[in-house]
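The structure appears below as structure tokens.
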Amino acid sequence: MAKELKELTSRSENYSQWYNDLVIKADLAESSAVRGCMVIKPYGYAIWEKIQAELDRMFKETGHVNAYFPLFIPKSFLSKEAEHVDGFAKECAVVTHHRLMASPDGKGLVVDPEAKLEEELIVRPTSETIIWNTYKNWIQSYRDLPILINQWANVVRWEMRTRLFLRTTEFLWQEGHTAHATEAEALEETKKMLEVYADFAERFMAVPVIKGVKSANERFAGALETFCIEALMQDGKALQAGTSHFLGQNFAKAFDVTFVDKTNKMDYVWASSWGVSTRLMGALIMTHSDDNGLVLPPNLAPFQVVIVPIYKTEEQLAAISEKVAEITSKLKIQGISVKYDNNDNKKPGWKFAEYELKGVPVRLAMGARDLENGTVEVARRDTLTKETVSLENIDLYINELLKTIQANIYQKAFDYRASVTRDVNSYEEFKVEIEKGGFLMCHWDGTPETEELIKEETKATIRCIPLDGDTTPGVCMVTGKPSAQRVIFARAY
Numbered sequence: 015m016a017k018e019l020k021e022l023t024s025r026s027e028n029y030s031q032w033y034n035d036l037v038i039k040a041d042l043a044e045s046s047a048v049r050g051c052m053v054i055k056p057y058g059y060a061i062w063e064k065i066q067a068e069l070d071r072m073f074k075e076t077g078h079v080n081a082y083f084p085l086f087i088p089k090s091f092l093s094k095e096a097e098h099v100d101g102f103a104k105e106c107a108v109v110t111h112h113r114l115m116a117s118p119d120g121k122g123l124v125v126d127p128e129a130k131l132e133e134e135l136i137v138r139p140t141s142e143t144i145i146w147n148t149y150k151n152w153i154q155s156y157r158d159l160p161i162l163i164n165q166w167a168n169v170v171r172w173e174m175r176t177r178l179f180l181r182t183t184e185f186l187w188q189e190g191h192t193a194h195a196t197e198a199e200a201l202e203e204t205k206k207m208l209e210v211y212a213d214f215a216e217r218f219m220a221v222p223v224i225k226g227v228k229s230a231n232e233r234f235a236g237a238l239e240t241f242c243i244e245a246l247m248q249d250g251k252a253l254q255a256g257t258s259h260f261l262g263q264n265f266a267k268a269f270d271v272t273f274v275d276k277t278n279k280m281d282y283v284w285a286s287s288w289g290v291s292t293r294l295m296g297a298l299i300m301t302h303s304d305d306n307g308l309v310l311p312p313n314l315a316p317f318q319v320v321i322v323p324i325y326k327t328e329e330q331l332a333a334i335s336e337k338v339a340e341i342t343s344k345l346k347i348q349g350i351s352v353k354y355d356n357n358d359n360k361k362p363g364w365k366f367a368e369y370e371l372k373g374v375p376v377r378l379a380m381g382a383r384d385l386e387n388g389t390v391e392v393a394r395r396d397t398l399t400k401e402t403v404s405l406e407n408i409d410l411y412i413n414e415l416l417k418t419i420q421a422n423i424y425q426k427a428f429d430y431r432a433s434v435t436r437d438v439n440s441y442e443e444f445k446v447e448i449e450k451g452g453f454l455m456c457h458w459d460g461t462p463e464t465e466e467l468i469k470e471e472t473k474a475t476i477r478c479i480p481l482d483g484d485t486t487p488g489v490c491m492v493t494g495k496p497s498a499q500r501v502i503f504a505r506a507y
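Quick note, the sequence shown lines up with residues 15 to 507 if you use this note's numbering.
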């Protein structure tokens, strides 16, 4: 394990390689036999399960229920909303046949030409079309509204350049799709879910985010407005961590979803959709981890505490195990997840290195002397510091320590973001500053032409128009035209 840790590329040497090394060495995921797709390994999936569980709880607390819709979408459905199909056409995987047959030369299998589908099916890139075709059958009156549904699913978007968790051809996500009687209700839902995402990112992931609205160029295909949370990674690049879309009546009109309102008039239904994906795993890794491996916030760690016994004889191990059982019981009463690693195939030093690499928030080590003294060694992953503490009230001590670690990890990320967020007033200054990374707060004239020019010349995009940003008017750094407020530019994943 020491050798493996040594082989972990440092962030300063090659950030991209550091990330790839860490995902694989920490046993989170690996590339699969299918190009662009990944295998999420048990430790990585355990983190995703924690993300799922907390988000699912938050969704249900806000009145949403889970359902499931088909993986396959008739091609004609995608064609019904013009802007939507344009946005996804180049990323679609298409099913054209439904059967294989033995090759005439006896070598393997070929597609049966007689099994061509009457209409091609698209492997789900997102579910607005199939869901709104279904909602048409569910909605007749305002009494049928609102519909507040979430789906946990996989989606496929044919990517040319892939990276584990950040951008893969197939990925896991949740997608909420809601239907409302009024524009105000749909817009309120869109903003409410943005707040849920921001709350989750900051309280559970310990990732500070900026809430904002996407520019027209960056808006979701088929939406009237896209709200987002933007995070900043340690290399100074931005990552879109979640989006919530106000769809207006676009999909209702495309699929003719109408209802009788309270005044007995027919109207089209109003909609929202919102989602986060396994890309959050990438955000978690790149926001907090270091050259020693993962740094996981306690609120999402598969296990928050690992206990490693240090012993020479079986009698010592038995005595330590008995004391560990008491400690574990107390910790579990506090709601703390614990792993006791008494595996005799690995030495304590190997285990220490492994759990450091895997980002376990707290490590306890107990030997024969600790047993005599009523103490235990406590190691923090976030600061890489150790101290020996009394076993008296150890459960309360660890409980408070985990809260401290969670807060410290968040503050560290917040302070880093603050240190690389700066106002830029001229385009010449912008071209210099964008090379340094971070969030650049700039005035922009609001035109897609200027936005596209900046993207083409600097590879920077408008991450969002902040909802809580500086609304002091100014002039565009490129054109000198009036600007309503500063927006956030950055290079991004």
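Note that beta-carbon positions come from the ideal geometry of N, C-alpha and C, so glycine has one too.
Item: Is Trp364 helix, strand or coil when you go by DSSP?; Value: helix
Item: Are at least three pairs of beta-carbons, each pair with one atom in the segment 376–396 and one in the segment 306–324, less than 8 Å apart?; Value: yes
Item: Give me, in chain order, the residues of the same chain whose beta-carbon lies closer than 8 Å to that of Val309; leave out the 5 immediate sequence neighbours on both sides.; Value: His302, Ser303, Gly373, Arg395, Asp396, Ile423
Item: Assuming Ala129 contacts Leu123 under a Cβ cut-off of 8 Å, what Cβ separation, rounded to an integer in Å, is found between them?; Value: Contact doesn't hold; Cβ gap of about 12 Å is too wide.
Item: I'd like to confirm the pairing. Which residues does DSSP put opposite Lys400 in its beta bridges?; Value: Ala393
Item: On a CA-only basis, which of Ala96, Ile502, Gly452, Ile448 is nearest Asn269? Give me that one, please.; Value: Note on identity: in this sequence residue 269 is Phe, with Asn being the wrong assignment. Nearest C-alpha to Phe269: Ala96.
Item: Provide the residue(s) that pair with Val169 in DSSP beta bridges, ordered along the chain.; Value: Phe185
Item: For His112, does the three-state DSSP call read helix, strand or coil?; Value: coil
Item: Hey, Lys251 and Arg436 are a contact pair by Cβ (cut 8 Å); roughly how many whole angstroms apart?; Value: About 16 Å; that fails the 8 Å criterion.
Item: Within its chain, find whatever has a CB closer than 7 Å to the CB of Cys242; leave out the 5 residues flanking it on each side and keep chain order.; Value: Gly226, Lys228, Gln254, Gly256, Thr257, Cys478
Item: Hey, could you find the ends of the beta strand (DSSP E) Tyr282 is sitting in?; Value: 280–282
Item: Find the nearest neighbour of Phe102 within the set Leu454, Ile334, Arg171, judged by alpha-carbon distance.; Value: Arg171
Item: Does the distance from the C-beta atom of Met52 to that of Ala43 stay below 7 Å?; Value: yes
Item: What is the C-beta distance between Val271 and Trp146, in whole angstroms, given that I count them as a contact (C-beta under 8 Å)?; Value: 6 Å
Item: Between the alpha carbons of Ala393 and Lys450, how many angstroms are there, rounded?; Value: 34 Å
Item: I think Tyr427 touches Val221, with their Cβ atoms under 8 Å apart; what is that distance to the nearest whole Å?; Value: Checking the sequence shown, residue 427 turns out to be Ala, not Tyr. Indeed they touch by this definition, with Cβ atoms about 6 Å apart.
Item: Counting along the chain, where does the beta strand (DSSP E) carrying Thr508 start and finish?; Value: Given that the chain is displayed from residue 15 to residue 507, the structure contains no residue 508 and the question cannot be resolved.
Item: For Thr342, which three-state DSSP category applies?; Value: helix
Item: Under 7 Å between the Cβ atoms of Gly236 and Asn264?; Value: yes
Item: For Gly483 and Gln499, what's the separation of their Cα atoms in angstroms?; Value: 8 Å
Item: Would you mind stating whether Val489 and Tyr441 have Cβ atoms separated by less than 7 Å?; Value: no
Item: Taking 8 Å as the threshold, find out whether the segment 271–286 comes into contact with the segment 323–339 through three or more Cβ pairs.; Value: no
Item: Specify the secondary structure class of Met380 as computed by DSSP and reduced to three states.; Value: strand
Item: Per the DSSP calculation, Leu123 is bridged to which residue(s)?; Value: Ala116
Item: Using a Cβ distance threshold of 8 Å, determine whether the segment 156–168 contacts the segment 184–196, with at least three qualifying pairs required.; Value: yes
Item: Do the CB positions of Gln420 and Pro316 come within less than 7 Å of each other?; Value: no
Item: By a C-beta neighbour count over all protein chains shown, 10 Å radius and 16 as the cutoff for buried, is Tyr82 buried or exposed?; Value: exposed
Item: For the putative contact between Ile299 and Val37, defined by C-beta atoms under 8 Å, what is the C-beta separation to the nearest angstrom?; Value: 7 Å
Item: Should Phe185 and Thr110 be called a contact, given that it needs their Cβ atoms to be closer than 7 Å?; Value: no
Item: Per DSSP, what kind of secondary structure is Lys495 in: helix, strand or coil?; Value: coil
Item: Check the DSSP bridge columns for Glu44 and list the partner residues they point to.; Value: Val53
Item: By Cβ distance below 6 Å, which residues in the same chain neighbour Ile54 in space, the five residues on each side in sequence not counted?; Value: Ala43
Item: Given a cut-off of 7 Å on the beta-carbon distance, is the pair Leu314 and Lys39 in contact?; Value: no
Item: Could you check whether the segment 202–216 touches the segment 402–410, counting it as contact only if at least three pairs of C-beta atoms, one from each stretch, sit closer than 8 Å?; Value: no
Item: Would you call the segment 173–182 and the segment 130–146 touching, i.e. three or more CB-CB distances under 8 Å?; Value: no
Item: Taking 6 Å as the limit between beta carbons, can you name the residues of its chain near His78, skipping five residues before and five after?; Value: Leu162, Asn164
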